[in-house]
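Trainee:
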Amino acid sequence: MKSIFDRYNEEKEHHQLLTPSSEARLWQTETERLRQQMDDLQENYRRLKGEELSGMSISDLDALENQLEMRLKNIRTKKEKMLTDEIEELNQKRALIHHENIELSKKITLVQHENRQLLKKGYGAIDNRKEEGSFSGQAKSCVPVHVNRSEEDEIKLGLQLQ
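Just so you know, we're using full-length UniProt numbering here: the sequence shown kicks off at 1 and counts up by one.
1) Three-state secondary structure (DSSP) at Glu69?
2) For my contact list, Leu53 and Arg47 are in at a C-beta cut-off of 8 Å; report their separation, rounded to the angstrom.
3) Locate the alpha helix (DSSP H) running through Met38, then write down its first and last residues.
4) I need the DSSP call for Leu64, collapsed to helix, strand or coil.
5) Between Met56 and Leu64, is the Cβ-Cβ spacing less than 9 Å?
6) In its own chain, which residues sit with a C-beta less than 8 Å from the C-beta of Arg35, not counting the 5 before and 5 after it?
7) Do you know how far the Cα of Glu103 is from the Cα of Ile87?
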């Protein structure tokens, strides 16, 4: 008999929780709790900004100061990591550009060598034709051109041979 009575009371309490008035009270309590939480967060935010500090005790101010120092430390750590990552990325780009510079310098050296070889062959052909006499009228109109690379050109291009 007692178990039946207990079950009846449990069902009655459960049913009362589902009534509109009890549900309204539940939501009202929840609303008040959330409003209080929002007020606390706004007050904490104002204190973090340095506003409304007059009502705080010395121990509260110390706790706030420690909290701010900890947050500042986190910010500095994040900033240092970002700067370190950026420096590493720039060093990689610098190494790549340096490698490209070396490759371009090698290509310039190779082209200069090929040009010298072509000039030597060209002078040799002109000298041979002059000796044979088959270059009569055209020898005056064909003059070999020497191209000298000046240091100013190297500076303008930003390239240098090593």
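All residues carry an ideal CB built from backbone N, CA and C; glycine is no exception.
Mentor: Straight from the coordinates:
1) Counted from its first residue, the sequence shown places residue 69 at position 69. Here DSSP, grouped into helix, strand and coil, assigns Glu69 to helix.
2) Position 53 of the sequence shown, counted from the first residue, corresponds to residue 53. Position 47 of the sequence shown, counted from the first residue, corresponds to residue 47. About 6 Å; that satisfies the 8 Å criterion.
3) As a position in the sequence shown, residue 38 is number 38, starting the count at 1. Here the alpha helix (DSSP H) through Met38 covers Pro20 to Leu48.
4) For the purposes of this step, residue 64 is taken as residue 64 along the sequence shown, with counting starting at 1. Looking at Leu64 - three-state DSSP - the assignment turns out to be helix.
5) Working through the sequence shown from its first residue, we reach residue 56 at position 56. Working through the sequence shown from its first residue, we reach residue 64 at position 64. It is a contact, given that the beta carbons lie within the stated cut-off.
6) The residue labelled residue 35 in the question sits at position 35 within the sequence shown. Take Arg35, set aside five residues on each side of it, and no residue of its chain has a beta-carbon closer than 8 Å to its own.
7) The residue given as residue 87 occupies position 87 in the sequence shown. The residue given as residue 103 occupies position 103 in the sequence shown. Those two C-alpha atoms are separated by around 24 Å.
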